[in-house]
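Undergrad:
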Amino acid sequence: MAETVQHEKHGFQTEVKQLLQLMIHSLYSNKEIFLRELVSNAADAADKLRFKALSDNKLYEGDGELNVKISVDAEAGTLTIKDNGIGMTKEDVIANLGTIAKSGTKDFFSNLSGDQAKDSQLIGQFGVGFYSAFIVADKVTVNTRAAGTQASEGVQWVSEGEGEFAVGDIEKAERGTEIILHLKEDEKEFLDTWRLRSIITKYSDHISIPVQLWKDEVAERDGPDGEKIPAEPGQWESVNKATALWTRDKSEVSDDEYKEFYKHVSHDFADPLTWSHNKVEGKTEYTSLLYIPAKAPFDMWNRDQKNGLKLYVQRVFIMDDAEQFMPTYLRFVKGLLDSNDLPLNVSREILQDNKITQSIRQGCTKRVLSMLEKMAKNDADTYKSFYAEFGNVLKEGPAEDFANKDKIAGLLRFASTHNDGNEQTVSLADYISRMKDGQEKIYYVTADSYQAARTSPHLEIFRKKGIEVLLMGERIDEWLMSHLTEFEEKSFESAASAKVDLSDLDDEETKQAKEKAEKEIEGVLERAKAALGDKVEEVKFTHRLTDSPACIVASENGMTTQMAKLMQAAGQEVPEPSYHFELNPEHELVKLVADVQDEALFKQWTEVLFDQAKLSEQGSLKEPAAFVTNLNSLLSSLTK
4 MAETVQHEKH GFQTEVKQLL QLMIHSLYSN KEIFLRELVS NAADAADKLR FKALSDNKLY
64 EGDGELNVKI SVDAEAGTLT IKDNGIGMTK EDVIANLGTI AKSGTKDFFS NLSGDQAKDS
124 QLIGQFGVGF YSAFIVADKV TVNTRAAGTQ ASEGVQWVSE GEGEFAVGDI EKAERGTEII
184 LHLKEDEKEF LDTWRLRSII TKYSDHISIP VQLWKDEVAE RDGPDGEKIP AEPGQWESVN
244 KATALWTRDK SEVSDDEYKE FYKHVSHDFA DPLTWSHNKV EGKTEYTSLL YIPAKAPFDM
304 WNRDQKNGLK LYVQRVFIMD DAEQFMPTYL RFVKGLLDSN DLPLNVSREI LQDNKITQSI
364 RQGCTKRVLS MLEKMAKNDA DTYKSFYAEF GNVLKEGPAE DFANKDKIAG LLRFASTHND
424 GNEQTVSLAD YISRMKDGQE KIYYVTADSY QAARTSPHLE IFRKKGIEVL LMGERIDEWL
484 MSHLTEFEEK SFESAASAKV DLSDLDDEET KQAKEKAEKE IEGVLERAKA ALGDKVEEVK
544 FTHRLTDSPA CIVASENGMT TQMAKLMQAA GQEVPEPSYH FELNPEHELV KLVADVQDEA
604 LFKQWTEVLF DQAKLSEQGS LKEPAAFVTN LNSLLSSLTK
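Numbered according to my numbering, the sequence shown spans residues 4 to 643.
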């Protein structure tokens, strides 16, 4: 057929060219994975046909027995995977087999390390299973026709895995897709039907449609006792159980089967961290099979990327990425739902407002949070691994899911002054268990990074008094804390807040020393306010500092520095936050400035202290040159 087909040449998308080179050089550490990927794609095609045929039975074209058929031609050296699913049009072929239609491909390639074992785990996260065919084949031919089209609308796609592919029109009597792998000389092991049978049993036993192998005819032969064994004609034999895994009892499904099914529904390469298989009966009946992945996909932060569960109704596939059944902050969860209560012709509009949908969503949300609670309690190391991948997504929860706010808060982990190093292992329950006698609040500090949070001057008094502070160095942390107000009846308070007051923990001697230090330089506040003018809302003394001369804090009802940065990063115009300028009356530099009588020189000193405080709080200055000029001038005056 190939000799008579008129082909059009097309160049691969740049990322596909790179990917094919990786595939050709055996990026997968386990070559047999290619068959799992191709069978999984074929099963998806059958699911999609079954759904579309609900509203147009003619798409079956008189053949409603959906299956995947695998055959070999030892003489030609080819392996063929054939399905009678939805098929593809010419436009579908060019779009689906010539590009990677998912975001994050640049990140994908930038993360490749050259280590086959590590790099192979990246492939599944990009839904590029079809290209795994080039691991074992030096040429791939795809013959396909979309269901409901004429036989003359068949399409052939051919590529040798280099820089281009060819597309041509063919006659194809049957709907569906046929993939012919022209195997490399050193990959002929995949022409052995027993080898193929073992791979299918291992990876695709859960596929809900028959996966069939062609068994060649066997001539009449002599038996062990001399009797004649009759000839057997060639025939298709089903290899897999062809039963939807989620419909089986949990006791009948092995861990390996659960893991392989996860790879089928998620197209991930790595095993999941954990899963939950649950059947709910009562007012609402449904079965859920939910997985927690081990690794985050590269497009997890892409707002346009669809996330959700596979939806089945009465074991009929309805849609991928049904986001209505899982809140956004749990978008990393993979798996499926099978409901008996939703109509087969369900639409997204019905799903948005359906009470059944809301009930299922609540049930699945609680199920996932319970899985995470169990993991955190029983396997701290695994939960630590989970949190490193998905912790920042989980932080979206308190704002989105008020009903489960306390559960989500209990799952959050932070770095703190109690531990050395940037390991987010401290839970809020841990913090409360270590609170000082008389301490009523949970203190935290937000900054651009862990290092900036750890060295914040706002922590000085807390360290002096031995009070633990949570260190938050992610941009989302400020937004989180604007929605997380209390935990176990303990309210949160920023260490950088103007409201911070630890005087209740002072003894009488300390209180008298503070009063004396303020009285000795009491006139400096009015002078500093006059020098800074509208740059600050208020100037006052502080005893939150021990090593630093000054700091700035957001006014009580004003926007914090980190919130302003968060909004600016989102492209919003943000006015300069309103600050209080706080001076440490016990610091020698503040005492020195208070003694300066020349008001012009005093203004310079005050501006330098203010800019230093801003630099410490914000990480940068809008007018760094002015700061440098003032500082140089003051340093020069010291040499005169």
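All C-beta atoms in this analysis are idealised placements derived from N, C-alpha and C, irrespective of residue type, glycine included.
Can you have a look at Gly164 and say buried or exposed, based on whether 16 or more other CB atoms are within 10 angstroms of its CB?
TA: When all chains shown are included, Gly164 counts as buried.
Undergrad: For Lys660, which option in Gln621, Glu167, Leu199, Leu62 has the closest C-alpha, if you only look at C-alpha atoms?
TA: The structure shown has nothing for residue 660, since the chain only spans 4 to 643.
Undergrad: Can you tell me where the beta strand (DSSP E) holding Ser140 begins and where it ends?
TA: The residue you asked about is not Ser; residue 140 is Ala in the sequence shown. Looking at the DSSP string, the run of the beta strand (DSSP E) that includes Ala140 is 140 to 148.
Undergrad: If Ile84 and Val96 are in contact, beta carbons under 8 Å, what's the gap, nearest whole angstrom?
TA: The Cβ separation is near 16 Å, so there is no contact.
Undergrad: Using three-state DSSP, classify Lys444 as helix, strand or coil.
TA: Lys444 falls in the strand class under three-state DSSP.
Undergrad: Out of Ser459, Ile524, Ser436, Ser500, point me to the one whose CA is closest to Gly622's CA.
TA: Among Ser459, Ile524, Ser436, Ser500, the Cα nearest to that of Gly622 is on Ser459.
Undergrad: Please name the residue in Met378, Trp278, Phe272 whose C-alpha comes closest to that of Lys298.
TA: Of the listed residues, the one whose Cα sits closest to Lys298 is Phe272.
Undergrad: With DSSP as the reference, label Asp384 as helix, strand or coil.
TA: If DSSP states are grouped into helix, strand and coil, Asp384 belongs with the helices.
Undergrad: Within 10 angstroms of its Cβ, does Ser551 collect 16 or more other Cβ (buried), or is it exposed?
TA: The residue in question, Ser551, is buried, as its Cβ has 16 or more Cβ neighbours within 10 Å.
Undergrad: I'd like the span of the beta strand (DSSP E) that includes Asp324, first residue to last.
TA: Where Asp324 is concerned, the enclosing beta strand (DSSP E) stretches over 319 to 325.
Undergrad: Among all the DSSP beta bridges, which residues are the ones paired with Ser241?
TA: Answer is Gln215, bridged to Ser241.
Undergrad: Who are the Cβ neighbours of Met378 in its own chain at under 8 Å, not counting the five residues just before and after it?
TA: Only Leu276, Thr277, Ile295, Thr385, Tyr386, Phe389 meet the Cβ criterion.
Undergrad: I need the straight-line Cα distance from Gly88 to Ile321, nearest angstrom please.
TA: Whole-angstrom Cα-Cα distance: 15 Å.
Undergrad: Only counting the same chain, and skipping five residues up and downstream in sequence, which positions put a Cβ closer than 7 Å to that of Glu68?
TA: Excluding sequence neighbours, Glu68 sits near nothing in its chain.
Undergrad: From this set, Glu559, Asp423, Ala572, which residue's C-alpha is nearest Ser581's C-alpha?
TA: Taking only the C-alpha atoms, the option nearest Ser581 is Glu559.
Undergrad: Does the Cβ of Glu626 have 16 or more other Cβ atoms within 10 Å, making it buried, or fewer, making it exposed?
TA: It is exposed - the Cβ of Glu626 has fewer than 16 other Cβ atoms within 10 Å.
Undergrad: Find the nearest neighbour of Asp189 within the set Asp228, Gln215, Ile138, judged by alpha-carbon distance.
TA: For Asp189, the nearest C-alpha among the options comes from Ile138.
Undergrad: Does the beta-carbon of Asn305 have 16 or more other beta-carbons within 10 angstroms, so that it is buried, or is it exposed?
TA: Under this definition Asn305 is an exposed residue.
Undergrad: Applying the criterion that 16 or more other CB atoms from any shown protein chain within 10 Å of the CB defines a buried residue, is Pro227 buried or exposed?
TA: When all chains shown are included, Pro227 counts as exposed.
Undergrad: Could you give the distance in angstroms between the alpha-carbon of Lys514 and the alpha-carbon of Asp507?
TA: When rounded, the distance between both Cα atoms is 10 Å.
Undergrad: Mark Thr204 as exposed unless 16 or more other C-beta atoms lie within 10 angstroms of its C-beta, in which case mark it buried.
TA: When all chains shown are included, Thr204 counts as exposed.
Undergrad: Using the three-state DSSP reduction, which class does Ser342 fall into: helix, strand or coil?
TA: If DSSP states are grouped into helix, strand and coil, Ser342 belongs with the strands.
Undergrad: With a threshold of 7 Å on Cβ separation, who are the neighbours of Phe393 within its own chain once the five nearest residues in sequence on each side are excluded?
TA: Excluding sequence neighbours, Phe393 sits near Ala299, Phe335.
Undergrad: Give the straight-line distance between the Cα atoms of His280 and Tyr261, rounded to the nearest whole angstrom.
TA: Approximately 9 Å between the Cα atoms of the pair.
Undergrad: Along the beta strand (DSSP E) that carries Met475, what are the first and last residues, could you check?
TA: Run containing Met475: 473 to 475, per the beta strand (DSSP E) assignment.
Undergrad: Would you decide whether Trp197 is buried or exposed? Buried here means 16 or more other CB atoms lie within 10 Å of its CB.
TA: Label assigned to Trp197: exposed.
Undergrad: Return the CA-CA distance between Glu492 and Leu340, expressed in angstroms with no decimal places.
TA: So the two alpha carbons sit approximately 37 Å from each other.
Undergrad: Using DSSP bridges, identify the partner residues of Ala557.
TA: DSSP output for Ala557 lists Tyr582 as bridge partner(s).
Undergrad: Suppose contacts are defined by Cβ-Cβ distances below 9 Å. Is Leu186 in contact with Thr81 by that definition?
TA: Yes.
Undergrad: Let me know the secondary structure DSSP gives Thr7 once reduced to three states.
TA: Here Thr7 sits in helix by DSSP.
Undergrad: When you compare only the Cα positions, how much space is there between Ser619 and Asn633?
TA: So the alpha carbons of these two residues sit roughly 17 Å apart.
Undergrad: Quick one, which of Asp59, Cys554, Gly166 has its alpha-carbon nearest Ile464's?
TA: It is Cys554 whose Cα lies nearest to the Cα of Ile464.
Undergrad: Applying the criterion that 16 or more other CB atoms from any shown protein chain within 10 Å of the CB defines a buried residue, is Lys266 buried or exposed?
TA: Buried.
Undergrad: Rounded C-beta distance between Met91 and Ala46? I'm assuming under 8 Å.
TA: Actually they do not touch by this definition, with Cβ atoms about 15 Å apart.
Undergrad: Just the C-alpha distance for Gly151 and Gly229, rounded to the nearest angstrom, thanks.
TA: Answer to the nearest angstrom: the Cα atoms are 54 Å apart.
Undergrad: Compare the Cα-Cα distances from Asp433 to each of Phe417, Gly424, Val396 and report the closest residue.
TA: When each option's Cα is compared against that of Asp433, the closest is Phe417.
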